[in-house]
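J.: I have a structure I would like to understand better, so I am pasting it below and will then ask my questions one at a time.
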Amino acid sequence: MNTNAIFENNKNWIAQKLSKDPEFFTKLAKGQSPEFLYIGCSDSRVTAEEVMGLEPGQVFVHRNIANMVPNTDLSSMSVINYAVNQLKVNHIIVCGHYGCGGILAAMQQADLGILNPWLRSIRDVYRIHKAELNAIVSDEEKYKRLTELNVQEQCINVIKTAEVQKASNERNLRVHGWVFDLESGKLIDLKIDFYTILKGITEIYKIDS
Ligand code: CO
Numbered sequence: 495m496n497t498n499a500i501f502e503n504n505k506n507w508i509a510q511k512l513s514k515d516p517e518f519f520t521k522l523a524k525g526q527s528p529e530f531l532y533i534g535c536s537d538s539r540v541t542a543e544e545v546m547g548l549e550p551g552q553v554f555v556h557r558n559i560a561n562m563v564p565n566t567d568l569s570s571m572s573v574i575n576y577a578v579n580q581l582k583v584n585h586i587i588v589c590g591h592y593g594c595g596g597i598l599a600a601m602q603q604a605d606l607g608i609l610n611p612w613l614r615s616i617r618d619v620y621r622i623h624k625a626e627l628n629a630i631v632s633d634e635e636k637y638k639r640l641t642e643l644n645v646q647e648q649c650i651n652v653i654k655t656a657e658v659q660k661a662s663n664e665r666n667l668r669v670h671g672w673v674f675d676l677e678s679g680k681l682i683d684l685k686i687d688f689y690t691i692l693k694g695i696t697e698i699y700k701i702d703s
């Protein structure tokens with residue numbers, strides 16, 4: 495496929511949107527008030543809006559390799575700040591996926607240059623949960639479990655931010671951890687217990703006074 499085909503697609507998409515709603519782009523241009531912040535992997539197979547069945551305007555999206563939320567990453571921190579403080583989203587979703595190349599790379603011994611510090615945050619997740627992960631015999635199962643635990647730890651990183659701590663006191667904001675299963679197309683809710691985690695990390699990570 496060449497890039498000309500993409501502009502052809504775009505024309506068709508505009509026509510399709512307008513045939514359903516002649517005001518579609520007028521409304522779109524007026525502004526956004528999405529209810530969800532989605533933090534997912536850059537993987538081309540895990541499209542945020544499409545797998546969730548959401549339309550333009552419904553979800554604020556941040557994607558990077560392996561859906562990470564490192565606390566010194568200006569990009570993800572800015573996205574959380576804007577989504578929580580300005581857009582006033584009440585649901586923050588961290589969505590990983592099975593078959594994630596980032597997770598797999600972090601499980602292998604290889605010097606990947608600039609990717610090393612990024613993937614090291616995944617290795618840190620492994621270290622925190624080493625006992626559980628090392629007890630899993632099957633490599634496939636271990637890979638899956640690390641994917642889930644990484645989502646959980648990134649949810650915790652979201653909860654560590656001042657914005658989320660403050661908003662969860664003032665309104666009904668919650669953080670969700672999901673995994674997308676490429677083989678079935680299913681979104682799986684890991685049922686992260688937001689309030690218990692928030693309570694549990696308060697002693698060390700409380701910022702909001
Ligand atoms: Co991935």
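Per the numbering used here: the sequence shown = residues 495 to 703. Built from N, CA and C at the ideal position, the CB exists for glycine as well.
If you measure between the beta carbons of H585 and E549, is that distance less than 8 Å?
T.: Result no, Cβ atoms of H585 and E549 do not sit closer than 8 Å.
J.: Could you check the C-alpha separation between A661 and I701 for me, to the nearest Å?
T.: Rounded to the nearest angstrom, the two C-alpha atoms are 12 Å apart.
J.: Have a look at C594 and D537 and give me their C-alpha separation to the nearest angstrom.
T.: The straight-line gap from Cα to Cα measures roughly 8 Å.
J.: What do you get for L512, buried or exposed, if any count of 16 or more other CB atoms within 10 angstroms of its CB means buried?
T.: By the neighbour-count rule (16 or more Cβ atoms within 10 Å), L512 is not buried but exposed.
J.: Determine the direct distance from the alpha carbon of I500 to that of N651, and round the result to whole angstroms.
T.: Using only the alpha carbons, I get a separation of about 37 Å.
J.: Write down every uninterrupted run of the beta strand (DSSP E) in the segment 543-595 whose length is 3 residues or greater and which is fully enclosed by it, in chain order.
T.: Segments of the beta strand (DSSP E) lying fully in the segment 543-595: 553-558 and 585-591.
J.: State whether the segment 625-634 contacts the segment 659-677, with contact taken as three or more CB pairs (one from each stretch) at a distance under 8 Å.
T.: Because the criterion of three Cβ pairs below 8 Å is not met, the segment 625-634 and the segment 659-677 do not touch.
J.: Is there a C-beta anywhere in chain D that falls below 8 Å from the one on L512?
T.: Looking for chain D here will not work: only one protein chain is present.
J.: Is there at least one non-hydrogen atom of ligand 1 closer than 7 Å to the beta-carbon of H556?
T.: Checking the Cβ of H556 against ligand 1 gives no.
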